[in-house]
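Beneath this line is the structure, given in structure tokens, with notes to follow.
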Amino acid sequence: MGTWRFLSLLLAAVVIGRHVVRADDISTSSESASTVSETSSGSAEPSAPSASGPSGPSGLGFTGPSSVEDCDPDMIGFELVTGFVYSAPSDLLDSLPGTLMLTDCLEACQGNDSCQSVNYETGLCVLFKSNADSYPGALTRSQFPVFTIYAQKTCLGVKPCERAWCFDRVQAYQLAGYSRKQHVAASRQYCLELCLGEREFPCRSANYNNVTKECTLSDMDRLTVAGSGAFRAAPDTEYLENNCVEEPIKLCEFKKLSGRILKTVDSVYQDVGSADECRELCLNSPFRCHSYDYGDTGEMVCRLSHHSRATLADIQEPYLEVPEASTYELSSCYNVSIDCRAGDMVARIKTSKLFNGKIYAKGSPNSCVEDVRGSLEFELKMAYDDVECNVKQQGLGRYLNDVVIQHHDTIVTSSDLGLAVTCQYDLTNKSVSNEVDLGVKGDVRPALSEEVVVDSPNIAMKITHRYGGDLLPSAEVGDPLTLWFEILDRNSPYDMFVRELVAMDGVDSSEIVLIDSDGCPTDHFIMGPIYKSADSGKTNVSHLPGRYSDNYGPFLKNPTYHQCRAAFRVNATISMWIKYY
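When you line the sequence shown up against mature numbering (1 follows the signal peptide of the UniProt record, and there is no 0), it's residues -23 to -1, 1 to 558, in that order.
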């Protein structure tokens, strides 16, 4: 069939819609979808199979074949084989010309208890009451002038997902080098059920060897390792790709493939307003859509497919050469989540394709960075008090930063992404009340009355190197230091609360407030929060980044002591002075 004939078929499929079709417009498709003599020269037409033939074994505890006619509707799934046609004329149930959606074709089979398999080409759906497991010789290659999609209904032992089909199968191919788990499986269906039921990792694909019965599960598929050469021919092996796996769809990049469109697609939408609308239809389709074209087969026509160049290695000439046309293939997608924690924010990334590169805080590509090598998930932790990561505070409880996802270790490319990440903490005061009556009725005479006066504790403040050591007599600008506040009497009934800490200039007595009246740091980049020492409950410490000039030193203006063992609360004002020289 020439190019003009193929285009006429595409346009005819668009014009006729779902219900009416001229027989001469689809004669070629009908013949390739329902007869074996047209597609496989020299192949004998199979004898009529039984309408109630088995669809294959079912369940992880498989004991024998099960029939799709007796299957719970929730346990029915479909398996696709692209580029093959099933030929059993005596078992043909129905032919549905004008079917522009593969999903409609599968739904027609799902709603027919006798249907066990279908052939689909854009504009034609053919239903059969038998399948290729019962008659493997009836499944033959069909790639010209367009490629056919064969779908087989299966009764599964593991509940499938809600998507239109569960698996794509490629005969005589495997995904090499990414094995996560191996099993011995009695059948291909048992193997795909093992993949569907896997819980230790997301099983994206499986290789099944029909001779050794070995079932190899993997957390990768043709899309995640596209371009690696891992998908290759392998006699006696069938590649099974899980269509139920969840993929990131938030930040997606499509790459333009000029001059080519697919000969067969999964869905054809009419009256689509723009290419952007077509793109959104792809990202939100009931299957894993990986390519689309818009306006090339008719005005405002959008066509979607679960195929791309990465999944068509086994198909000869899957594209039609049309100079002015373009196909847009999904390159990669990213889902970004932010974990806002007590002292830092963590940007977590999930991607649909193995990532090699780095993620870093903008402006700090070498100091606040994580290198990534061949991973689908990675993260970057940015501490609020880490000056290298440059997290900015904007108002009360609001922290933000910019993150860059770079696909090459040293070179910036057009595929790189910039993300703005924000953490917002609710720091407003809240009142909590309880209406339980704890009142005491009548006079209660104390059995014993005792009054004790406890002297205020002695407090020491000192500065040491951050990594330990004795009191520092002097320090250089930039030295990492630790500031200590300690109640000298370890048996004191008092605890300590540090507030109103200032750094005072020894020359003109000007002040910088480090800890405010609430006991909180005024600037995390100058001084961190004060916390109790793990070694002693009577010691409070804080880390100083060492950013003071030579004239400034910390000065405790008004410390407060509290948490008495007896019913006392004592406030004392003590002035202490330490200066850097």
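Beta carbons: idealized from backbone N, C-alpha and C, even for Gly.
1. DSSP on residue 457, reduced to helix/strand/coil?
2. Give me the residue from 445, 475, 453 with the minimum Cα distance to residue 437.
3. I need the straight-line Cα distance from residue 401 to residue 324, nearest angstrom please.
4. Tell me whether the beta-carbon of residue 62 lies closer than 8 Å to the beta-carbon of residue 131.
5. Measuring straight from C-alpha to C-alpha, what distance separates residue 246 and residue 278?
6. According to DSSP, residue 192 sits in a beta bridge with which residue or residues?
7. Using a 10 Å radius around the Cβ and a threshold of 16 neighbouring Cβ atoms, would you call residue 200 buried or exposed?
8. Taking just the CA atoms, how far does residue 329 sit from residue 353?
9. Looking at the unbroken beta strand (DSSP E) that takes in residue 216, where does it start and where does it end?
10. Taking 8 Å as the cut-off, decide whether the C-beta atoms of residue 133 and residue 183 are in contact.
11. List the residues that DSSP assigns as beta-bridge partners of residue 144.
12. What does DSSP give as the partner residue(s) for residue 306 in the beta ladder?
13. Restricting to Cα atoms, I'd like to know which of 145, 515, 499, 506 is closest to residue 222.
14. Looking only at its own chain, which residues have a Cβ that is under 6 Å from the Cβ of residue 230, when we skip the five neighbours before and after it?
15. Quick one: is residue 287 buried, meaning 16 or more other Cβ sit within 10 Å of its Cβ, or exposed?
16. What are the boundary residues of the beta strand (DSSP E) that includes residue 155?
17. Report yes or no: do the region 78 to 85 and the region 116 to 124 share at least 3 C-beta pairs separated by less than 8 Å?
18. Spatial neighbours of residue 507 within its chain, please: C-beta separation below 6 Å, excluding the five flanking residues on both sides.
19. Would you list the one or two residues that DSSP bridges to residue 362?
20. Among 521, 350, 496, which has the Cα closest to the Cα of residue 362?
21. How about residue 190: is its C-beta nearer than 8 Å to some C-beta of chain B?
22. Could you spell out the range, first to last residue, of the beta strand (DSSP E) harbouring residue 437?
23. Which residue or residues does DSSP assign as beta-bridge partners of residue 279?
24. Would you list the residues sitting across from residue 314 in a DSSP beta bridge?
25. Just to confirm the assignment, what range does the beta strand (DSSP E) spanning residue 397 have?
26. Alpha carbon to alpha carbon, how far is residue 566 from residue 50?
27. With a cut-off of 8 Å on the beta carbons, I'd call residue 339 and residue 380 a contact; round off their distance for me.
28. Residue range of the alpha helix (DSSP H) that residue 256 falls in?
29. Look at the Cβ atom of residue 313, then the Cβ atom of residue 332, and state whether they are nearer than 8 Å.
30. Relative to the alpha-carbon of residue 165, which residue among 215, 453, 398 has its alpha-carbon at the smallest distance?
31. Report back the beta-carbon spacing between residue 440 and residue 460 to the nearest angstrom; my notes put them in contact at under 8 Å.
32. Among all the DSSP beta bridges, which residues are the ones paired with residue 378?
33. Starting from the Cα of residue 399, find the closest Cα among 385, 378, 481 and give me that residue.
34. Tell me, which residues are paired with residue 389 by DSSP?
35. Between which two residues does the alpha helix (DSSP H) carrying residue 87 extend?
36. In the DSSP assignment, what are the bridge partners of residue 129?
Let's see:
1. Within the sequence shown, the letter at position 480 stands for residue 457. Three-state result, residue 457: coil.
2. Against the sequence shown, residue 437 aligns to sequence position 460. Measuring from the Cα of residue 437, the nearest candidate turns out to be 475.
3. By 1-based counting over the sequence shown, the position of residue 401 is 424. By 1-based counting over the sequence shown, the position of residue 324 is 347. Whole-angstrom Cα-Cα distance: 14 Å.
4. For the purposes of this step, residue 62 is taken as residue 85 along the sequence shown, with counting starting at 1. For the purposes of this step, residue 131 is taken as residue 154 along the sequence shown, with counting starting at 1. No, the Cβ-Cβ distance between residue 62 and residue 131 is not below 8 Å.
5. Residue numbering aside, residue 246 sits at position 269 when the sequence shown is read from its first letter. Residue numbering aside, residue 278 sits at position 301 when the sequence shown is read from its first letter. The straight-line gap from Cα to Cα measures roughly 6 Å.
6. Residue mapping note: residue 192 aligns to position 215 of the sequence shown, counting from 1. 160, 185, per the DSSP bridge assignment.
7. The residue given as residue 200 occupies position 223 in the sequence shown. With 16 or more Cβ atoms within 10 Å of its Cβ, residue 200 is classed as buried.
8. Along the sequence shown, one-based indexing puts residue 353 at 376. Along the sequence shown, one-based indexing puts residue 329 at 352. C-alpha separation (whole angstroms): 7 Å.
9. Here residue 216 is taken as the residue at index 239 of the sequence shown, counted from 1. Residues 208 to 219.
10. Within the sequence shown, numbered from 1, the residue matching residue 133 stands at position 156. Within the sequence shown, numbered from 1, the residue matching residue 183 stands at position 206. Cβ distance not < 8 Å, so residue 133 and residue 183 don't count as in contact.
11. Position 167 of the sequence shown, counting from 1, holds the residue named residue 144. 56, 219, per the DSSP bridge assignment.
12. Locating residue 306 in the sequence shown gives position 329, counting from the first residue. Answer is 232, 268.
13. Counted from its first residue, the sequence shown places residue 222 at position 245. Among 145, 515, 499, 506, the Cα nearest to that of residue 222 is on 145.
14. On the sequence shown, position 253 is the one that residue 230 refers to. For residue 230, where only same-chain residues beyond five positions count, the Cβ hits under 6 Å are 308, 309.
15. Taking the first residue of the sequence shown as 1, we reach residue 287 at position 310. Buried, because 16 or more other Cβ atoms sit within 10 Å of the Cβ of residue 287.
16. Counting from 1 along the sequence shown, the entry for residue 155 is found at position 178. Unbroken run through residue 155: none, as it is neither H nor E.
17. no
18. Here residue 507 corresponds to residue number 530 of the sequence shown, with the count starting at 1. Shown here for residue 507: same chain residues with a beta carbon closer than 6 Å to its own, the five before and five after excluded, namely 475, 517, 519 in chain order.
19. Sequence index remark: in the sequence shown, residue 362 carries index 385 (1-based). Looking at the DSSP assignment, residue 362 forms no beta bridge with any residue, so it has no partner.
20. As a position in the sequence shown, residue 362 is number 385, starting the count at 1. Measuring from the Cα of residue 362, the nearest candidate turns out to be 521.
21. Considering every chain present, this structure includes no chain B. It has just one protein chain.
22. What you label residue 437 is simply residue 460 of the sequence shown in a count that begins at 1. Where residue 437 is concerned, the enclosing beta strand (DSSP E) stretches over 436 to 442.
23. The residue given as residue 279 occupies position 302 in the sequence shown. Note: residue 279 sits in a beta bridge opposite 246, 271.
24. Counting from one through the sequence shown, the residue named residue 314 turns up at place 337. Looking at the DSSP assignment, residue 314 forms a beta bridge with 325.
25. Mapped onto the sequence shown, residue 397 falls at position 420. That run of the beta strand (DSSP E) goes 394 to 401.
26. As shown, the chain starts at -23 and ends at 558. That puts residue 566 outside it, with no answer to give.
27. For this step, residue 339 is matched to residue 362 along the sequence shown. For this step, residue 380 is matched to residue 403 along the sequence shown. So it is a contact: roughly 7 Å between Cβ atoms.
28. As a first step, residue 256 is located in the sequence shown; it is residue number 279 there, counting from the start. Taken as a continuous stretch (DSSP letters only), the alpha helix (DSSP H) holding residue 256 covers 252 to 260.
29. Position 336 of the sequence shown, counting from 1, holds the residue named residue 313. Position 355 of the sequence shown, counting from 1, holds the residue named residue 332. No. Outside cutoff.
30. Taking the sequence shown and counting its residues from 1, the one referred to as residue 165 is at position 188. Among 215, 453, 398, the Cα nearest to that of residue 165 is on 215.
31. Within the sequence shown, the letter at position 463 stands for residue 440. Within the sequence shown, the letter at position 483 stands for residue 460. Sure, about 6 Å apart at Cβ, within 8 Å.
32. Here residue 378 refers to the residue found at position 401 when the sequence shown is read from its first residue. According to DSSP, which records beta bridges pairwise, residue 378 is partnered with 398.
33. Taking the sequence shown and counting its residues from 1, the one referred to as residue 399 is at position 422. Selected option, being the one with the closest Cα: 378.
34. On the sequence shown, residue 389 is found 412 positions in, with the first residue counted as 1. In the DSSP output, where bridge partners are listed per residue, residue 389 has none listed.
35. As a position in the sequence shown, residue 87 is number 110, starting the count at 1. 79 to 87 is the extent of the alpha helix (DSSP H) around residue 87.
36. Here residue 129 refers to the residue found at position 152 of the sequence shown. BP columns for residue 129 point to 56, 94.
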